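Just so we're aligned, residue 399 is where the sequence shown starts under the numbering used here, counting upward by one.
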Amino acid sequence: MIGRGDEAFDLARELSNGMNRLIAGPRRMGKTTLCRAALDLVRAEGQYVASLDLFEFTEPARLAEALVDRVIANRSGTARAKHAVAKGGRRVASMAALTPVARMKADLGEEFSLALEPALRKRDPVGALGNAFRAAQRVCEIDNQRLVILIDEFQELGAPRNPFGDPERVTKAMRAALQDCDRITTLFTGSLEHMMRDLFGPAQRAFYRWGGWHELWPIDAATWRAGILDRYLANGLRPADGAVERIVDLGEGHVRSTMLIAKQAYLTAITLGEPTISPTVAEVALEMAMAADAPFHDAVVEDLRSGGREVLVTAERVARGEPPYKDRSRASTAQRALRVLGKKGVADKTAPAGRGGWRIIDPLLRRYLARR
Ligand SMILES: Nc1ncnc2c1ncn2[C@@H]1O[C@H](COP(=O)(O)OP(=O)(O)O)[C@@H](O)[C@H]1O
Ligand SMILES: [Mg+2]
């Protein structure tokens with residue numbers, strides 16, 4: 399991780415102190431990396447942590463199960479063994495398992511079983527999710543611990559096809575459960591900013607005023623240069639004057655693009671058998687990074703096209719640095735297209751409301767769109 403060390407430290411301290419935090423921002427800007435680093439710090443301090451990614455689990459029952467598993471994974475060996483037994487038929491089927499199951503249930507209370515038993519989870523998945531949080535709280539009480547839960551890609555709870563069922567129902571159940579869990583602190587992150595703001599902003603939402611927003615700290619050019627230079631030197635490559643500067647310029651502060659170009663430059667130098675990275679290698683690396691991202695770019699273009707021709711055309715105009723529309727009669731269509739691009743996390747506004755100024759967030763995607 400380049401930069402962000404202090405940021406991870408700050409975030410970890412807030413979480414350790416029981417402050418719920420929310421992060422919303424475009425994809426590939428380092429949210430997940432930052433959150434994991436913060437959780438590692440929290441864990442290093444001895445607190446429990448659990449992280450869940452809603453792209454990975456697309457139903458409440460699986461999420462409930464994973465949450466309990468990850469909380470249990472923090473416990474000592476013996477406590478974990480008890481849990482494995484308590485999961486019954488799934489892992490340990492022997493009769494001898496009964497006593498520890500009974501002990502486990504006595505330990506954690508009857509309601510815990512809802513989060514543990516597959517049949518019950520199936521019958522009431524949303525209830526099971528609430529109970530998974532309560533079970534996590536109980537585990538913390540018994541172990542005299544605090545727990546930080548990271549839920550990544552949180553906006554999926556409100557995604558259009560309702561993968562987790564009715565968003566209002568599931569968020570209400572989560573909030574109701576978490577409300578009572580004073581040992582649990584949450585970190586929710588999402589990559590579709592408007593959906594995140596919508597889940598947490600309006601007063602009628604279950605998670606209204608749930609936590610404070612953490613804005614990602616920008617990584618300045620000097621930090622990028624120093625970080626990339628360190629990595630090259632550590633790998634036995636000595637960049638020529640201007641090469642690292644060029645790479646950082648090409649990455650335009652976008653986290654993943656900068657790292658991808660830096661990596662491609664490294665690979666190019668290695669392939670050429672050169673002990674150095676020249677500014678020319680940086681240019682080659684840009685093209686290689688574009689090629690590496692081509693499938694992603696194609697997918698974005700397909701997605702934009704499906705939103706209507708105007709959306710793609712407007713994206714291309716913005717990418718080329720042109721005004722979003724050529725003739726005034728198209729202004730409102732272009733405005734709609736810009737809103738779609740914003741919602742999809744492809745473009746964002748660079749100027750205050752009322753003034754123009756949109757940009758394509760990912761510089762590699764911008765180049766791709768501009769060249770089309
Ligand atoms: N601070 C950083 N320094 C170097 N590489 C980073 C940094 N943050 C993220 N990355 C890399 O950039 C890519 C995107 O990061 P990720 O955390 O997945 O972003 P997001 O969660 O915002 O989509 C990953 O490959 C990750 O390893
Ligand atoms: Mg992420």
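Cβ atoms here follow ideal geometry from the backbone N, Cα and C, with glycine treated the same way.
A quick note: this is a predicted structure, and the numbers were derived from the prediction, not measured.
In terms of residue numbering, what span does the beta strand (DSSP E) encompassing residue i cover?
{"i": "residue 583", "result": "582 to 588"}
{"i": "residue 758", "result": "756 to 758"}
{"i": "residue 746", "result": "745 to 747"}
{"i": "residue 446", "result": "446 to 451"}
{"i": "residue 550", "result": "545 to 550"}
Which term fits residue i, buried or exposed, when burial requires 16 or more other beta carbons within 10 angstroms of its beta carbon?
{"i": "residue 577", "result": "exposed"}
{"i": "residue 747", "result": "exposed"}
{"i": "residue 675", "result": "buried"}
{"i": "residue 765", "result": "buried"}
{"i": "residue 691", "result": "buried"}
{"i": "residue 724", "result": "exposed"}
{"i": "residue 455", "result": "buried"}
{"i": "residue 404", "result": "exposed"}
{"i": "residue 559", "result": "exposed"}
{"i": "residue 733", "result": "exposed"}
{"i": "residue 429", "result": "buried"}
{"i": "residue 542", "result": "exposed"}
{"i": "residue 656", "result": "buried"}
{"i": "residue 666", "result": "buried"}
{"i": "residue 496", "result": "Any answer about residue 496 is weak, because its pLDDT of 47 lies below 50 and its placement is not dependable; what the coordinates show is given next. It counts as exposed."}
{"i": "residue 534", "result": "buried"}
{"i": "residue 532", "result": "buried"}
{"i": "residue 579", "result": "buried"}
{"i": "residue 729", "result": "exposed"}
{"i": "residue 722", "result": "buried"}
So the alpha helix (DSSP H) residue i belongs to, where does it begin and stop?
{"i": "residue 630", "result": "619 to 632"}
{"i": "residue 408", "result": "403 to 414"}
{"i": "residue 730", "result": "729 to 741"}
{"i": "residue 469", "result": "458 to 470"}
{"i": "residue 419", "result": "Where residue 419 is concerned, there is no enclosing alpha helix (DSSP H), although the beta strand (DSSP E) it sits in stretches over 419 to 422."}
{"i": "residue 766", "result": "761 to 769"}
{"i": "residue 681", "result": "677 to 690"}
{"i": "residue 400", "result": "It is not in any alpha helix (DSSP H) - residue 400 carries neither H nor E in the DSSP assignment."}
{"i": "residue 531", "result": "523 to 541"}
{"i": "residue 598", "result": "591 to 598"}
{"i": "residue 655", "result": "653 to 670"}
{"i": "residue 573", "result": "565 to 577"}
{"i": "residue 649", "result": "641 to 649"}
{"i": "residue 438", "result": "429 to 442"}
{"i": "residue 714", "result": "707 to 717"}
Apart from the five residues just before and just after residue i, which ones in its own chain have a Cβ nearer than 6 Å to its Cβ?
{"i": "residue 416", "result": "583"}
{"i": "residue 604", "result": "569, 570, 573"}
{"i": "residue 537", "result": "469"}
{"i": "residue 630", "result": "637"}
{"i": "residue 642", "result": "623, 626, 627"}
{"i": "residue 506", "result": "536"}
{"i": "residue 741", "result": "592"}
{"i": "residue 682", "result": "666"}
Short of 8 Å in beta carbon distance, which residues of its chain neighbour residue i, apart from the five on each side in sequence? Order them along the chain.
{"i": "residue 568", "result": "458, 524, 527, 555, 562"}
{"i": "residue 408", "result": "none"}
{"i": "residue 745", "result": "713, 716, 736, 739, 756, 757, 758, 759"}
{"i": "residue 606", "result": "598, 599, 600"}
Please report the Cβ distance between residue i and residue j, rounded to the nearest whole angstrom; I am assuming they are in contact, meaning their Cβ atoms lie under 8 Å.
{"i": "residue 410", "j": "residue 440", "result": "5 Å"}
{"i": "residue 617", "j": "residue 660", "result": "Not really, about 13 Å apart at Cβ, beyond 8 Å."}
{"i": "residue 550", "j": "residue 452", "result": "7 Å"}
{"i": "residue 760", "j": "residue 426", "result": "7 Å"}
{"i": "residue 516", "j": "residue 743", "result": "Actually they do not touch by this definition, with Cβ atoms about 36 Å apart."}
{"i": "residue 548", "j": "residue 449", "result": "4 Å"}
{"i": "residue 679", "j": "residue 663", "result": "5 Å"}
{"i": "residue 539", "j": "residue 581", "result": "7 Å"}
{"i": "residue 646", "j": "residue 622", "result": "4 Å"}
{"i": "residue 749", "j": "residue 718", "result": "Actually they do not touch by this definition, with Cβ atoms about 18 Å apart."}
Leaving out five residues before and five after residue i in sequence, what residues of the same chain have Cβ atoms less than 7 Å from its Cβ?
{"i": "residue 684", "result": "648, 659"}
{"i": "residue 731", "result": "708"}
{"i": "residue 588", "result": "422, 551, 552, 553, 594"}
{"i": "residue 812", "result": "Since the first residue of the chain shown is 399 and the last is 770, residue 812 is not available in this structure."}
{"i": "residue 412", "result": "419"}
{"i": "residue 565", "result": "555, 556"}
{"i": "residue 520", "result": "459"}
{"i": "residue 431", "result": "399"}
{"i": "residue 688", "result": "762, 765, 766"}
{"i": "residue 406", "result": "432, 435, 436, 439"}
{"i": "residue 698", "result": "744, 763"}
{"i": "residue 770", "result": "714"}
Any heavy atom of ligand 4 inside 6 Å of the beta-carbon of residue i?
{"i": "residue 456", "result": "Of the ligands one can find in the structure shown, namely ligand 1 and ligand 2, none is ligand 4."}
Validate contact between the segment 635 to 652 and the segment 595 to 610 using beta carbons, cut 8 Å, 3 pairs: Contact between the segment 635 to 652 and the segment 595 to 610 is absent, with fewer than three C-beta pairs closer than 8 Å.
Meets three-Cβ-pair contact criterion under 8 Å: the segment 425 to 445 and the segment 461 to 470: By the Cβ criterion, the segment 425 to 445 is not in contact with the segment 461 to 470, since fewer than three pairs of Cβ atoms, one from each stretch, lie closer than 8 Å.
Validate contact between the segment 664 to 683 and the segment 710 to 723 using beta carbons, cut 8 Å, 3 pairs: No, the segment 664 to 683 is not in contact with the segment 710 to 723.
Meets three-Cβ-pair contact criterion under 8 Å: the segment 418 to 428 and the segment 605 to 625: Look at the beta carbons and you see the segment 418 to 428 touching the segment 605 to 625: at least three pairs across the two are nearer than 8 Å.
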